[in-house]
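In what follows, a structure is listed as structure tokens, so that the remarks can point back to it.
Residue numbers (this note's numbering): 3 to 278.
Below, the structure is given as structure tokens:
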């Protein structure tokens with residue numbers, strides 16, 4: 003029932019219902035306590051995927067490696083693979099929620115526009131947790147708002163584990179660190195899409211703290227497979243979708259295409275490490 007409510011096509015999802023529409027905090031506390039109690043003996047063995055949008059799903063702000071607006075090659079296959087799990091046999095589908103700094107509004111117009119954009123990109127089943135206009139003032143405020151939304155989400159789905167996917171350009175590394183600090187016992191992976199050429203030593207330092215930096219979604223799939231979160235067959239699907247996506251892009255310049263394909267080629271070589 004919770005998943006059905008949460009996968010509405012508009013902003014009236016479960017988080018909106020519990021934390022906005024229900025104005026009485028005592029009633030809200032009773033509902034949240036009931037959800038927690040009922041979830042104790044439920045073990046779906048799956049993750050809820052919490053994913054940023056801008057520069058994580060599509061090039062939008064800081065990423066100059068792709069033409070603006072490009073949906074990243076392979077991202078849809080990675081999100082689908084996480085939804086299906088390591089055996090490609092999902093307990094439930096639609097376990098994808100976008101956590102964005104994009105502000106919400108009283109009537110849900112901005113969120114509904116975001117949802118429509120995601121559906122056009124090929125992401126049919128999802129929910130959205132929005133930010134505020136005030137939180138746009140700094141990366142720290144954006145991170146704090148995202149963490150607050152994720153805390154709400156954790157209260158609504160305590161029976162699930164979590165994976166967070168963000169990017170290196172807008173405070174998501176901080177979000178990943180805070181998620182690990184607060185919910186570390188249920189966080190299976192924190193992945194950061196690198197859009198600002200993060201130096202190798204910084205990547206290594208983050209990796210030591212459990213934050214994986216990746217260049218392409220094929221690289222992300224290899225990491226997720228190694229962590230036991232997606233199947234080897236899913237890695238192949240990500241590879242094939244990435245090839246199709248790269249071939250379909252109208253590049254800004256030959257040099258831009260060369261650089262993007264070089265990163266993909268490097269991660270293609272890493273597929274040999276994926277167990278059959």
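All residues carry an ideal CB built from backbone N, CA and C; glycine is no exception.
- In the three-state scheme derived from DSSP, where H, G and I count as helix and E and B as strand, residue 45 is classed as coil.
- Per DSSP, the continuous beta strand (DSSP E) segment holding residue 168 begins and ends at 163-169.
- With fewer than 16 other Cβ atoms from the protein chains shown falling within 10 Å of its own Cβ, residue 230 counts as exposed.
- 8 Å or more divides the Cβ of residue 79 from the Cβ of residue 70.
- Fully contained in the region 226-267 are the following alpha helix (DSSP H) runs of length 4 or more, in chain order: 234-250.
- Taking 8 Å as the cut-off, the Cβ atoms of residue 236 and residue 83 count as close.
- Contact between the region 256-269 and the region 199-211 is absent: fewer than three C-beta pairs spanning the two stretches fall below 8 Å.
- For the options 146, 219, 9 and 167, the alpha carbon positioned closest to that of residue 272 is the one of 219.
- Sequence-distant Cβ neighbours of residue 17 in its own chain, meaning closer than 8 Å and more than five residues away, are 8, 129, 131, 151, 154, 155 and 158.
- In the same chain as residue 146, and ignoring 5 residues on each side of it, no C-beta atom comes closer than 6 Å to its own.
- Rounded to the nearest angstrom, the Cβ distance from residue 194 to residue 149 is 16 Å, too far for a contact under 8 Å.
- If you ignore the 5 residues before and after residue 234, its C-beta comes within less than 8 Å of the C-beta of 227, 276, 277 and 278, all in its own chain and listed in chain order.
- Membership of residue 214 in the beta strand (DSSP E) is indicated by the continuous run 213-216.
- Taking a contact as a CB-CB distance under 8 Å, the pair residue 34 and residue 164 does not count as one, their CB atoms being some 17 Å apart.
- About 4 Å separates the CB atoms of residue 169 and residue 57; that is less than 8 Å, so the two are in contact.
- In the structure shown, the three-state DSSP call for residue 100 is strand.
- The Cβ atoms of residue 37 and residue 201 lie no closer than 8 Å to each other.
- Within a 10 Å sphere around the beta-carbon of residue 55 sit 16 or more other beta-carbons, which makes this residue buried.
- In terms of Cβ geometry, residue 171 and residue 63 form a close pair [threshold 8 Å].
- Taking the CA atoms as reference points, residue 75 sits about 8 Å from residue 246.
- Contact between residue 10 and residue 20 does not hold, since the beta-carbon distance rounds to 13 Å and is not under 8 Å.
- The three-state secondary structure of residue 193, taken from DSSP, is strand.
- If you look at residue 185, you'll find it in the alpha helix (DSSP H) that goes 174-185.
- In the DSSP assignment, residue 24 falls outside any alpha helix (DSSP H) and carries neither an H nor an E.
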